[in-house]
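*Asks:* Just passing along the structure, written as structure tokens.
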Amino acid sequence: LHAFIDKPIRSLSQGQARRVALALACRPDQALWLLDEPFAGLDQATVDGLADLFTTHLQQGGGLVFSSHDRSLPGARVLQLRPAVDQHQQGEHSTAAERSEADRRV
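Residue 19 is where the sequence shown starts when you use our numbering, and the numbers rise one by one after that.
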């Protein structure tokens, strides 16, 4: 990322710009990271590095909330929102619950 410090954001590729944005969002001085689709559009090496960064942040007592359409993320805790039902599970999809029941569980 040091190579991008003096470059205007407009001059970066989409992937480079995403990496810079993630670096700004994942600051170690912030206890809670809120991210929207952080793995989208990244190469596998960057995905692996980001996953390691998330693990380290959590191990150090930080919090992490992110959205993703990728249901295969290891260890992901999924909260799926739909108009009539919420689904909450570890890993695989559970059966749908009424909104009030899902709210109680979450």
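Idealized CB from N, CA, C, for every residue including glycine.
If the criterion is Cβ atoms closer than 7 Å, does the pair L68 and A41 meet it?
*Replies:* Result no, Cβ atoms of L68 and A41 do not sit closer than 7 Å.
*Asks:* Quick one: using the 10 Å Cβ neighbour count with 16 as the cut-off for buried, is P56 buried or exposed?
*Replies:* Under this definition P56 is a buried residue.
*Asks:* Alpha carbon to alpha carbon, how far is F84 from Q32? Give it in angstroms, no decimals.
*Replies:* If I take the Cα positions, the gap works out to 20 Å.
*Asks:* Going by DSSP, what residues sit across from F84 in a beta bridge?
*Replies:* F84 is bridged to L53.
*Asks:* Taking only three categories from DSSP, how would you classify Q6?
*Replies:* Given that the chain is displayed from residue 19 to residue 124, the structure contains no residue 6 and the question cannot be resolved.
*Asks:* Residues in the same chain with beta-carbon distance under 7 Å from L71, minus the five sequence neighbours each way, listed in chain order, please.
*Replies:* Excluding sequence neighbours, L71 sits near C44.
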